[in-house]
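Since the structure comes first, as structure tokens, the remarks are kept for the end.
2 protein chains.
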Amino acid sequence: MLTDQYFMLEALKEAQKAFDAGEVPVGAVVVCDDRIIARAHNLTERLTDVTAHAEMQAITAAANYLGGKYLDQCVMYVTLEPCVMCAGAIAWAQLGSLVYGANDDKKGFSRYASNILHPKTLIKKGLESEASVKLLQSFFHLKRALQQF
Amino acid sequence: MLTDQYFMLEALKEAQKAFDAGEVPVGAVVVCDDRIIARAHNLTERLTDVTAHAEMQAITAAANYLGGKYLDQCVMYVTLEPCVMCAGAIAWAQLGSLVYGANDDKKGFSRYASNILHPKTLIKKGLESEASVKLLQSFFHLKRALQQF
Numbered sequence: 001m002l003t004d005q006y007f008m009l010e011a012l013k014e015a016q017k018a019f020d021a022g023e024v025p026v027g028a029v030v031v032c033d034d035r036i037i038a039r040a041h042n043l044t045e046r047l048t049d050v051t052a053h054a055e056m057q058a059i060t061a062a063a064n065y066l067g068g069k070y071l072d073q074c075v076m077y078v079t080l081e082p083c084v085m086c087a088g089a090i091a092w093a094q095l096g097s098l099v100y101g102a103n104d105d106k107k108g109f110s111r112y113a114s115n116i117l118h119p120k121t122l123i124k125k126g127l128e129s130e131a132s133v134k135l136l137q138s139f140f141h142l143k144r145a146l147q148q149f
Numbered sequence: 001m002l003t004d005q006y007f008m009l010e011a012l013k014e015a016q017k018a019f020d021a022g023e024v025p026v027g028a029v030v031v032c033d034d035r036i037i038a039r040a041h042n043l044t045e046r047l048t049d050v051t052a053h054a055e056m057q058a059i060t061a062a063a064n065y066l067g068g069k070y071l072d073q074c075v076m077y078v079t080l081e082p083c084v085m086c087a088g089a090i091a092w093a094q095l096g097s098l099v100y101g102a103n104d105d106k107k108g109f110s111r112y113a114s115n116i117l118h119p120k121t122l123i124k125k126g127l128e129s130e131a132s133v134k135l136l137q138s139f140f141h142l143k144r145a146l147q148q149f
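This is how it looks when you write it as structure tokens:
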């Protein structure tokens, strides 16, 4: 049985891919029966699409893999607290468990309403949050530095 | 200058397409400079994807048409109050105006939090709501009737 930490590190690898592509570095994986069935990272810039968050793509990919809309037997690992849009999608998917890294004090769903997720979805937070925050801080630091030139 | 009612009737045509395809009948159009630049209807069943709401597809299509992520110069007409997921996407897109038909007392975003949308997005509601509700009621009535066989 693989650990939550193992899967969160896989989500962080996805976040790193976003970073390398100049995207806000957020990554996600969906796990079912101890196997990763979907992995995704933020692609909003490349796709010119605000809906292309890591979680949204991971939900679509996982449902496609399973051949069914509902992810009640799955765990999603995501490096940052989902926004309202992604939390709403996670609720529609009736996700079994959500494990996220860093809190998002500005755009995280919990700032808006605590009852957005499906009542049966288990939540665990704070896993590898330091690594997630460091990656995000590096990204925005670099972005600001580049804007000065 | 075409009227709000004209565009909402176009959104209702999209909802009818969803109905005909056995999908929960919700339709949307995005208008920019008095022209429809995107139209979509709910496809969650056909695509086996909870994220395939009319609004989400309309946002993706409109951004693709414009070549930019932000829809601040656009109006979205949607036959039903957006859910939390769609309202979150509408907020990210910084939509100029949102016009919706029927309220959704169960899943509408305003039941969860009033501050999900971007503060600059203008909201108008109740347009052609009766037609929207009738279509939804017919859909669920038919669905229940078919389940008895």
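Here the protein sequences come in this chain order: Y and E. Sequential numbering from 1 applies to the first sequence in my numbering. Sequential numbering from 1 applies to the second sequence in my numbering. A virtual CB, placed ideally from N, CA and C, is assigned to each residue, including glycine. Bear in mind the structure is a predicted one, so any value in this text is a computation, not a measurement.
Assigned secondary structure, residue i (DSSP; H/G/I helix, E/B strand, else coil)
| i | result |
| --- | --- |
| histidine 41(E) | strand |
| leucine 122(Y) | strand |
| lysine 17(Y) | helix |
| isoleucine 116(Y) | coil |
| histidine 141(E) | helix |
| alanine 93(Y) | coil |
| aspartate 49(Y) | coil |
| methionine 1(Y) | coil |
| tyrosine 6(E) | helix |
| glutamine 147(Y) | helix |
| lysine 134(E) | helix |
| glutamate 128(Y) | coil |
| tyrosine 65(Y) | helix |
| glutamate 55(E) | helix |
| leucine 71(Y) | coil |
DSSP bridge partner residues for residue i (one or two, in chain order)
| i | result |
| --- | --- |
| valine 84(E) | Answer by DSSP bridge pairing: none, since valine 84(E) is not bridged. |
| tyrosine 77(Y) | Val29(Y) and Val99(Y) |
| arginine 35(Y) | Cys32(Y) |
| glycine 108(E) | Cys83(E) |
Cβ-Cβ separation, residue j to residue i (assumed contact under 8 Å), whole Å
| i | j | result |
| --- | --- | --- |
| alanine 102(Y) | serine 138(Y) | Incorrect: roughly 13 Å between the Cβ atoms, too far for contact. |
| valine 75(E) | alanine 89(Y) | Contact doesn't hold; Cβ gap of about 24 Å is too wide. |
| leucine 122(Y) | glycine 96(Y) | 7 Å |
| valine 30(Y) | leucine 2(Y) | The pair is not a contact, with the Cβ atoms about 14 Å apart (cut-off 8 Å). |
| leucine 127(Y) | glutamine 5(Y) | 7 Å |
Cα-Cα separation, residue i to residue j
| i | j | result |
| --- | --- | --- |
| alanine 40(Y) | glycine 27(Y) | 6 Å |
| glutamate 55(Y) | aspartate 34(Y) | 19 Å |
| lysine 134(E) | alanine 18(E) | 14 Å |
| glycine 108(E) | cysteine 86(E) | 10 Å |
| glutamine 148(Y) | lysine 69(E) | 23 Å |
| isoleucine 116(Y) | alanine 62(Y) | 21 Å |
| serine 110(Y) | lysine 124(Y) | 13 Å |
| glutamate 45(Y) | alanine 52(Y) | 9 Å |
| aspartate 104(Y) | glycine 67(E) | 28 Å |
| aspartate 20(Y) | tyrosine 77(Y) | 20 Å |
| leucine 136(E) | leucine 9(E) | 15 Å |
| glutamate 23(Y) | arginine 144(Y) | 14 Å |
| glutamine 73(E) | leucine 98(E) | 11 Å |
| glutamine 16(E) | threonine 48(E) | 19 Å |
| valine 84(Y) | tyrosine 112(Y) | 8 Å |
| threonine 60(E) | lysine 120(Y) | 30 Å |
| asparagine 42(E) | lysine 13(E) | 12 Å |
| asparagine 64(Y) | phenylalanine 140(Y) | 33 Å |
| alanine 93(E) | tryptophan 92(Y) | 21 Å |
| tyrosine 100(E) | tyrosine 100(Y) | 33 Å |
| histidine 118(E) | histidine 118(Y) | 24 Å |
| serine 114(Y) | cysteine 32(Y) | 25 Å |
| lysine 106(E) | lysine 106(Y) | 26 Å |
Residue i beta carbon near the ligand FAD (any heavy atom closer than 6 Å)
| i | result |
| --- | --- |
| cysteine 86(E) | No copy of the ligand FAD appears in this structure; indeed no ligand is present at all. |
Buried or exposed (CB count within 10 angstroms, at least 16 for buried), residue i
| i | result |
| --- | --- |
| alanine 38(E) | buried |
| phenylalanine 7(E) | buried |
| serine 132(Y) | buried |
| methionine 25(Y) | Contrary to the premise, residue 25(Y) reads as proline rather than methionine in this sequence. Buried, by the Cβ-count rule. |
| proline 82(Y) | buried |
| glutamine 57(Y) | buried |
| leucine 146(Y) | exposed |
| alanine 162(E) | In the structure displayed, chain E extends from 1 to 149; residue 162(E) sits before or after that span and is not available. |
is_contact[residue i, chain A] using C-beta, thresh 7 Å
| i | result |
| --- | --- |
| cysteine 83(E) | Judged by its chain identifiers, the structure shown contains no chain A, and its protein chains are Y and E. |
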